[in-house]
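Let me begin by presenting the structure, written as structure tokens, before commenting on it.
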Amino acid sequence: MPNPKFFSRLILLTGIITLQINYTTGQESSTGSNNQPEKVYSIKWVSQFPRESEKDKENNNLVSNLFPKQTVKKNWLSNLIFGRKQFALIRPVTVLAISPDSLWICDQGNGKIIKAFNGVGEITRFKNDKNIRFPSIVGSCFLPGHEILFTDSKLNKVFRFTPGNNILQVLNDTLTLDKPTGIAYSIVNKEIWVVETGAHRISVFNEKGELIKYIGHRGKGPGEFNFPTFIWIDKLGIIYVCDTLNFRIQVFDKTGELLSVFGEAGDALGDFARPKGIATDSYGNIYIADALFHNIQVFDKTGRLLSVFGSHGRDNEEFWMPVGLYIDNNDFIYVADSYNSRVQVFQLVVTE
Numbered sequence: 001m002p003n004p005k006f007f008s009r010l011i012l013l014t015g016i017i018t019l020q021i022n023y024t025t026g027q028e029s030s031t032g033s034n035n036q037p038e039k040v041y042s043i044k045w046v047s048q049f050p051r052e053s054e055k056d057k058e059n060n061n062l063v064s065n066l067f068p069k070q071t072v073k074k075n076w077l078s079n080l081i082f083g084r085k086q087f088a089l090i091r092p093v094t095v096l097a098i099s100p101d102s103l104w105i106c107d108q109g110n111g112k113i114i115k116a117f118n119g120v121g122e123i124t125r126f127k128n129d130k131n132i133r134f135p136s137i138v139g140s141c142f143l144p145g146h147e148i149l150f151t152d153s154k155l156n157k158v159f160r161f162t163p164g165n166n167i168l169q170v171l172n173d174t175l176t177l178d179k180p181t182g183i184a185y186s187i188v189n190k191e192i193w194v195v196e197t198g199a200h201r202i203s204v205f206n207e208k209g210e211l212i213k214y215i216g217h218r219g220k221g222p223g224e225f226n227f228p229t230f231i232w233i234d235k236l237g238i239i240y241v242c243d244t245l246n247f248r249i250q251v252f253d254k255t256g257e258l259l260s261v262f263g264e265a266g267d268a269l270g271d272f273a274r275p276k277g278i279a280t281d282s283y284g285n286i287y288i289a290d291a292l293f294h295n296i297q298v299f300d301k302t303g304r305l306l307s308v309f310g311s312h313g314r315d316n317e318e319f320w321m322p323v324g325l326y327i328d329n330n331d332f333i334y335v336a337d338s339y340n341s342r343v344q345v346f347q348l349v350v351t352e
């Protein structure tokens with residue numbers, strides 16, 4: 001069972017998960033005797049894509065209207081001229097955000113990349129292969145200039161394109177990967193890190209797609225992996241890997257040296273059943289989506305559990321097998337709520 005102090009930290013309110021932490025020391029502040037400013041972290045539900053109009057009418061507690069209601073009008077002339085089509089998500093697995101109203105969603109159910117702008121979704125069609133369908137699209141990340149990389153674990157390739165010109169390319173067409181899933185870009189080293197789930201390792205490339213090195217192999221020891229899936233690299237170049245079937249998170253420095261490991265299999269708070277998406281906020285807190293727990297767990301830099309939000313269901317703040325996570329520069333948190341066929345958006349708000 002988890003330490004009871006975990007439960008004392010957890011304050012659950014309708015639509016708000018509030019956690020009180022001393023910002024300067026990172027320790028729980030119960031007396032305020034150190035006279036240092038206390039930060040209150042609140043995670044608030046914002047919206048979802050696509051919107052459900054009836055739910056919008058019933059919900060009087062929206063924090064903001066980042067996504068206007070999705071239009072359902074069919075304009076056959078516009079569709080004919082511009083090739084645009086209203087598109088329903090089936091199994092979104094990862095999401096990227098250029099801004100809160102501009103999303104790129106990897107929809108494994110449709111085998112497509114979906115662009116969602118101002119609440120309207122449309123298929124991304126590539127100029128050099130308009131009808132391509134990706135059988136197992138998984139991970140995605142941005143390169144500088146908002147170029148997008150994404151993986152397909154059945155095609156065993158990493159693809160790249162720039163929104164606007166939509167020319168699809170293979171990152172390295174001379175190399176066959178073994179079930180690539182998670183992918184992340186390091187702005188520090190200018191490197192692309194790809195999780196090869198089938199090979200139980202991480203492959204590191206330069207921006208041209210040239211292989212630099214491999215990290216890890218199958219095992220249970222530190223720095224080893226057992227079907228790793230998703231990966232995140234923060235602005236300092238620190239790498240976070242969901243070592244999924246070892247039921248843990250491994251953290252590496254920018255060179256690939258292991259820094260820390262936390263987590264274990266179990267059904268208590270802070271344990272993992274099927275850790276998937278991972279991301280960090282601007283304060284260094286680590287968010288992990290667990291597909292079987294149907295929730296998001298939040299840890300500090302040391303791996304100490306801070307908070308949990310979400311449960312199994314279809315309502316706001318509920319999930320059904322969440323997979324990918326993305327956190328933008330303004331601490332909006334995007335969750336690919338896979339089996340609910342939607343992306344939910346939350347916001348981290350910090351007050352003193």
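Going by the numbering used here, 140 is the number at position 140 of the sequence shown; the sequence numbering is gapless.
We put the beta carbon where it would ideally sit given N, CA and C, even for glycine.
Start and end residues, beta strand (DSSP E) containing residue i
{"i": "lysine 89", "result": "Looking at the sequence provided, one finds leucine at residue 89 rather than lysine. Taken as a continuous stretch (DSSP letters only), leucine 89 belongs to no beta strand (DSSP E), as it is neither H nor E."}
{"i": "arginine 201", "result": "201–206"}
{"i": "glutamate 122", "result": "120–123"}
{"i": "threonine 151", "result": "148–152"}
{"i": "glutamate 38", "result": "38–49"}
{"i": "tryptophan 320", "result": "Neither: tryptophan 320 is in no beta strand (DSSP E) and is coded neither H nor E."}
{"i": "arginine 160", "result": "157–161"}
{"i": "glycine 139", "result": "137–142"}
{"i": "valine 194", "result": "191–196"}
{"i": "isoleucine 233", "result": "231–233"}
{"i": "phenylalanine 309", "result": "305–309"}
{"i": "lysine 213", "result": "211–215"}
Close Cβ partners of residue i (< 6 Å) along its chain, the five nearest in sequence each way excluded
{"i": "cysteine 141", "result": "Leu149, Ile183, Ala184 and Tyr185"}
{"i": "lysine 157", "result": "Val170"}
{"i": "phenylalanine 134", "result": "Gly111 and Asp152"}
{"i": "valine 251", "result": "Tyr240, Leu259 and Ser260"}
{"i": "lysine 254", "result": "Val188, Asn189 and Gly237"}
{"i": "glycine 198", "result": "Asp178 and Lys179"}
{"i": "phenylalanine 225", "result": "His200, Gly216 and Asp243"}
{"i": "isoleucine 288", "result": "Pro275, Ile278 and Gln297"}
One or two residues paired with residue i in a DSSP bridge
{"i": "threonine 176", "result": "DSSP, once it has assigned bridges, lists no residue as partnering threonine 176."}
{"i": "valine 345", "result": "Ser47 and Tyr334"}
{"i": "phenylalanine 252", "result": "Ile239 and Leu258"}
{"i": "tyrosine 287", "result": "Ala279 and Val298"}
{"i": "isoleucine 183", "result": "Val194"}
{"i": "threonine 244", "result": "The partner list for threonine 244 (beta bridge, DSSP) is empty, contrary to what the question assumes."}
{"i": "histidine 312", "result": "Phe319"}
{"i": "leucine 103", "result": "Ala97 and Ala116"}
{"i": "valine 170", "result": "Phe159"}
{"i": "alanine 265", "result": "Phe272"}
{"i": "aspartate 129", "result": "Phe126"}
{"i": "glycine 225", "result": "The amino acid at residue 225 is misidentified as glycine; the sequence shows phenylalanine. The partner list for phenylalanine 225 (beta bridge, DSSP) reads Arg218."}
{"i": "valine 188", "result": "Answer by DSSP bridge pairing: none, since valine 188 is not bridged."}
{"i": "leucine 325", "result": "Val335"}
Residue i CB to nearest heavy atom of the ligand GTP below 8 Å
{"i": "isoleucine 90", "result": "As far as ligands go, the structure on display features none, and thus does not contain the ligand GTP."}
Exposure label - residue i; buried when at least 16 CB within 10 Å
{"i": "proline 228", "result": "buried"}
{"i": "threonine 174", "result": "exposed"}
{"i": "alanine 265", "result": "exposed"}
{"i": "glutamate 191", "result": "buried"}
{"i": "tyrosine 334", "result": "buried"}
{"i": "glutamate 210", "result": "exposed"}
{"i": "alanine 97", "result": "buried"}
{"i": "serine 99", "result": "exposed"}
{"i": "glycine 219", "result": "exposed"}
{"i": "aspartate 129", "result": "exposed"}
{"i": "asparagine 131", "result": "exposed"}
{"i": "leucine 77", "result": "Here leucine 77 scores only 45 on pLDDT, less than 50, and its place in the model should not be relied on; the value that follows carries that caveat. Answer is exposed; the Cβ neighbour count stays below 16."}
{"i": "leucine 325", "result": "buried"}
{"i": "asparagine 165", "result": "exposed"}
{"i": "glycine 310", "result": "buried"}
{"i": "aspartate 267", "result": "exposed"}
{"i": "threonine 302", "result": "exposed"}
{"i": "glutamate 196", "result": "buried"}
Contacts around residue i, its chain only, beta-carbon distance under 7 Å, and the 5 residues preceding and following it disregarded
{"i": "valine 349", "result": "Ser42 and Lys44"}
{"i": "isoleucine 90", "result": "Asp107, Gly109, Asn110 and Ser341"}
{"i": "threonine 176", "result": "Asn156"}
{"i": "alanine 291", "result": "Arg274, Lys276, Met321, Pro322 and Val323"}
Same chain, Cβ closer than 8 Å to residue i, neighbours up to 5 away in sequence not counted
{"i": "tryptophan 320", "result": "His294, His312, Gly313, Arg314, Asp337, Ser338, Tyr339 and Asn340"}
{"i": "asparagine 329", "result": "Ser282"}
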